[in-house]
Structures are given as C-alpha cells and as structure tokens.
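Trainee: Line order of the protein sequences matches chains X and U. Every letter in the first sequence is one number past the one before it in our numbering, and letter 69, counting from 1, is 69. Add 1000 to a position in the second sequence, counting from 1, and you land on the number used in our numbering. For every residue, glycine included, the Cβ atom is placed at its ideal position computed from N, Cα and C. Values in this document were obtained by computation on a predicted structure and should not be read as measured data.
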Amino acid sequence: QKEVEQNSGPLSVPEGAIASLNCTYSDRGSQSFFWYRQYSGKSPELIMFIYSNGDKEDGRFTAQLNKASQYVSLLIRDSQPSDSATYLCAVKRGAGKSTFGDGTTLTVKP
Amino acid sequence: DGGITQSPKYLFRKEGQNVTLSCEQNLNHDAMYWYRQDPGQGLRLIYYSQIVNDFQKGDIAEGYSVSREKKESFPLTVTSAQKNPTAFYLCASSPQSPNEQYFGPGTRLTVT
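What follows is the structure, given as structure tokens:
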C-alpha cells in the first residue's frame, strides 16, 4: 500500500463544474497536508495547505481534511480550462520530508 | 525577485559521466529538497537538508550525492553509479513553518 494514494484519472469535468480530487494517506501521525498543481512539463506550484479537520477555502479552491478517515480532498469550483493540470497531494509528519502521491490529472472541457 | 533557480534547464551527458545540478534559493528558507520525476509518475525524494552542513537520504538516494555548505545552495551530483539517471529533477525549499515547499523550474537530464 502506498503511503499517499490518489486516483490517477484522468478526471474530466465540463467548464463551470466542480472538480473533486481525493487523496488518502496511511500514516495516522500525519500533521500537514498540501495540494500542488503541476502543468505539463512544468514544476509543481503550491495551491494550499491544511492542518486542521474541516474545510479551508481560498478563492475557487477548498481543501477538506478528515483525519479520522485519513482523507484529504480538493474541490475546485467553477472549473476553467486553465485548471487542466495534474494535482499532487503531499503529506508531512512533523518537520522533515513530505510524501507525495502520484497525482490526479484533471481535464476541464470548454 | 525571490525564488529558486535551477540550472541548466536541459542537460545532456554520456553514460559513465558524473554531472552536477545546481539549485540556489534566495527565500531564506532553512530546508531544501531534491526530487526526481519520471514521465507520468509522482515525485520521489532523493535527498533533503534541514540545515547547513547537514542532509538526509530520501527514498532513492543511491547513485546521488549532495552538499549543503551554504544556506542558499544545495547542489546535486548524479554519479555514474545511478542506473537510470534520465529524468526531470526538481529542487524545492521550505520555511520552518508551515513547511510548504516552493519548487524551482527543474532540470531535464538526458544520459545516453
């Protein structure tokens, strides 16, 4: 079992819809959770991070964390074609290294 | 401008040669990281450093070496012992808190 698991996709949604990206993790001691976006051929860029159970909103993005279920998700409202990318989930236990999932590829169709 | 720079963007080497990838940051971050990404795959951690003159092996350190003599710099050497060195190499740095990582533009290494 991988430490951080994501559906590889591709996930396809129409423009204007809500895209839902999911991530599960195996280490119950994980404390910090991050979402990154990576366009094809480019390096990852941070979208947002979350530490506490519940929702955290930033513009069109909402991260949801449920530590009891070991589950973190990213919702993208009003999806745009420019949101088409691979989304990476990362999990960290304390200081030190993060563990990344393999990413979910999202395609937003006009 | 604050950020992370990696050079060169593309690098070609012959098999059996060592090659050093540069990574510099002016974000005043304590921690720095090296990742490898193969096509269609996620990020795999090679080495990381949380403080100058100290570094730890990641999940795939064999065939690689690093140094951290300055806070701003974390060069990665890909040695001839690395069996499949062709990949996209990403350097990142992070502050102590909240530990989010900022990535450089990456170096694409091709070894033939």
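Can you list, in chain order, the residues of its chain whose CB lies under 6 Å from that of X/Y71, leaving out five sequence neighbours each side?
Mentor: What you label residue 71 of chain X is simply residue 71 of the first sequence in a count that begins at 1. Correct list, in chain order: T24.
Trainee: Could you pull out every unbroken alpha helix (DSSP H) segment of at least 4 residues lying fully inside the region 1–53 of chain X, listed in chain order?
Mentor: None, since the region 1–53 of chain X contains no complete alpha helix (DSSP H) of that length.
Trainee: Using the rule of at least 16 other Cβ atoms within 10 Å of the residue's Cβ for burial, across every protein chain shown, is U/R1068 buried or exposed?
Mentor: Numbered from its first residue, the second sequence carries residue 1068 of chain U at position 68. U/R1068 comes out buried.
Trainee: Using 10 angstroms around the beta-carbon of X/Q38, count the other beta-carbons present and answer buried if the total reaches 16, otherwise exposed.
Mentor: Against the first sequence, residue 38 of chain X aligns to sequence position 38. So X/Q38 ends up on the buried side.
Trainee: Going by the DSSP bridge assignment, what does X/K92 pair with across the sheet?
Mentor: Your numbering for residue 92 of chain X matches position 92 in the first sequence. Answer by DSSP bridge pairing, in chain order: X/S32 and X/S98.
Trainee: Throw me the rounded Cβ distance for the X/F61 and X/I47 pair, which I believe falls under 8 Å.
Mentor: The sequence position of residue 61 of chain X within the first sequence is 61, counting from 1. The sequence position of residue 47 of chain X within the first sequence is 47, counting from 1. Confirmed, Cβ separation roughly 6 Å.
Trainee: Let me know the secondary structure DSSP gives X/S73 once reduced to three states.
Mentor: As a first step, residue 73 of chain X must be located in the first sequence, where it is residue number 73. Note: X/S73 maps to strand in three-state DSSP.
Trainee: Can you pull the chain X neighbours of U/P1105, defined as C-beta to C-beta under 8 Å?
Mentor: On the second sequence, position 105 is the one that residue 1105 of chain U refers to. In chain order: K42 and S43.
Trainee: How long is the line joining the alpha carbons of X/L88 and X/S73, rounded to whole angstroms?
Mentor: For the purposes of this step, residue 88 of chain X is taken as the residue at position 88 of the first sequence. For the purposes of this step, residue 73 of chain X is taken as the residue at position 73 of the first sequence. Roughly 11 Å between the two C-alpha positions.
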